[in-house]
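A.B. asks: Taking my numbering, the leading residue of the sequence shown gets 4, the next gets one more, and so forth. Think of the CB as a built atom: it goes at the ideal place given N, C-alpha and C, for glycine as much as any other residue.
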Amino acid sequence: MAETEQPSVGNVLGFSLQLREHRALLALERRTLAPGVHLLDYEASVPGVEFPLAGPLSAGRFRHRRCRVQRVTLELERHALQAWLVARLRGRSIAGLRVEWVELEPSARADARDEPMPWIMLSGRTRGGALGWFGCSLALRGDGRSIVVLPGRLWWQGGEPIAAHALWLGLARALDPRRRSDALEIRLDPAMEALRVPFVQAGWKIPALEQLVLRTLAIDGQRVRAQWDAGELALAVALGSTIDHDPVVEAARRVRATGHDQAIDELSAALAGA
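#1: In this structure, how does DSSP classify TRP231 when only helix, strand and coil are distinguished?
#2: For VAL2, is the classification buried or exposed, using 16 other Cβ atoms within 10 angstroms of its Cβ as the cut-off for buried?
#3: Assuming contact is defined by CB atoms lying nearer than 8 Å, are ARG69 and ALA211 in contact in what I supplied?
#4: Once the 5 residues before and after GLY276 are set aside, which same chain residues still bring their CB inside 6 Å of it?
#5: Taking DSSP's pairing of strands, which residues face HIS41 in a bridge?
#6: Select from ARG128, ALA47, ARG112 the residue whose C-alpha is nearest the C-alpha of GLY155.
#7: According to DSSP, is ARG144 part of a helix, a strand, or is it coil?
#8: Looking at the strands, I want to know which residues DSSP matches up with TRP207.
#9: Of the residues GLY138, ALA194, VAL227, which one's Cα is nearest the Cα of TRP122?
#10: What residues match up with LEU157 in a beta bridge as DSSP calls it?
#11: Assuming LEU189 and LEU172 make a contact with CB atoms under 8 Å, what is their CB distance in whole Å?
#12: Compare the C-alpha of LEU20 against each of THR35, SER140, TYR45, LEU143 and name the closest.
#13: Output the boundary residues of the alpha helix (DSSP H) element that contains GLY127.
#14: With distances taken from CA atoms, which of ARG64, HIS82, GLN204 is nearest ASP223?
#15: How many Å lie between GLY243 and ALA229 at the Cα?
#16: Using CA coordinates, which residue listed in LEU77, ALA30, GLY17 is at the minimum distance from ARG148?
#17: Just to confirm, is the Cβ distance from SER48 to ARG26 under 8 Å?
#18: DSSP three-state call for GLN85: helix, strand or coil?
#19: Do LEU100 and ILE150 come within 8 Å of each other at the CB atom, strictly closer than that value?
#20: Within the present structure, is the beta-carbon of ASP179 separated from the nearest heavy atom of the ligand ZN by less than 7 Å?
#21: With distance defined between alpha-carbon atoms, name the residue in GLU24, ALA30, ARG23 nearest to LEU16.
#22: Hey, would you say PRO109 sits closer than 8 Å to VAL227, going by beta carbons?
#23: Are LEU141 and VAL152 closer than 8 Å when you measure CB to CB?
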């Protein structure tokens with residue numbers, strides 16, 4: 004049983020109310036929460052509902068209850084992830100590198116023998132004014148509903164010596180300010196990050212996500228898709244191979260295109276075979 008397909012008053016998100024197995028459920032399919040952030044599937048149980056349920060049978064009547072999310076699927080486009088990184092990194096000083104340029108490759112290989120992995124590449128100037136480039140591949144795993152990010156390959160090329168490990172710690176601090184200062188891992192909570200603002204703006208209480216566990220994480224060159232539910236299965240991570248070029252060489256090409264052409268050829272020659 005469901006309410007009308009059109010959102011009712013107080014239901015600008017467009018939830019449908021479903022009554023199933025003596026439970027009241029709120030469901031959504033295919034909503035754009037922000038540019039490049041899509042909610043593909045959502046189901047939450049409404050607490051404190053007694054049956055028979057008296058009218059009106061509308062989802063909006065439950066907007067002030069903290070509903071327990073049973074499953075949710077998000078799709079994040081590459082440009083949305085890129086914008087998230089740029090907002091947190093550009094203009095920031097990280098271990099002596101003032102970041103001017105940020106690039107994300109969701110699924111790339113540094114070597115033909117490698118499995119595809121996400122890469123983050125930064126460039127900017129050191130305290131002494133020298134150009135520098137930092138790149139890191141990312142190893143991902145699930146922990147509850149969180150995505151834990153650990154460093155894979157790290158490289159630094161620049162006019163001044165900066166430890167790649169220190170650059171990673173600075174990057175981690177910028178993306179996850181709540182982590183311990185010496186912790187290598189970055190812990191991200193994309194489910195809460197994606198849902199919190201749209202729910203509050205629509206006048207709905209932020210849903211309870213505590214039961215959720217990350218089930219699948221699929222990544223290709225253009226998007227990331229993540230699915231959570233309240234079960235107990237293990238996480239499956241699928242990294243696509245649609246980007247199979249050397250990310251260092253490709254990064255050099257893009258930096259040149261933006262006008263940072265000094266020492267680009269030297270960078271490419273030094274790192275293309277690394």
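C.D. replies: Looking at the coordinates:
#1: strand
#2: Past the boundaries of the shown model lies residue 2; the chain is included only from 4 to 277, so the question cannot be answered.
#3: yes
#4: Model confidence at GLY276 stands at a pLDDT of 49, short of 50, so the residue's coordinates are unreliable and nothing is read from them.
#5: THR35, GLU78
#6: ARG112
#7: strand
#8: DSSP lists no partner for TRP207.
#9: GLY138
#10: CYS139
#11: For the record, residue 189 in the displayed sequence is Ile; it is not Leu. Not confirmed; about 10 Å, so no contact.
#12: TYR45
#13: From DSSP, GLY127 is part of no alpha helix (DSSP H) but of the beta strand (DSSP E) over 120-129.
#14: HIS82
#15: Residue confidence is low: GLY243 scores 49 on pLDDT, short of 50, so the model does not pin down where it sits. Its coordinate-derived value is still stated next. Distance between the alpha carbons of GLY243 and ALA229 is about 14 Å.
#16: LEU77
#17: yes
#18: helix
#19: no
#20: This structure lacks the ligand ZN; in fact it carries no ligand of any kind.
#21: ALA30
#22: yes
#23: yes
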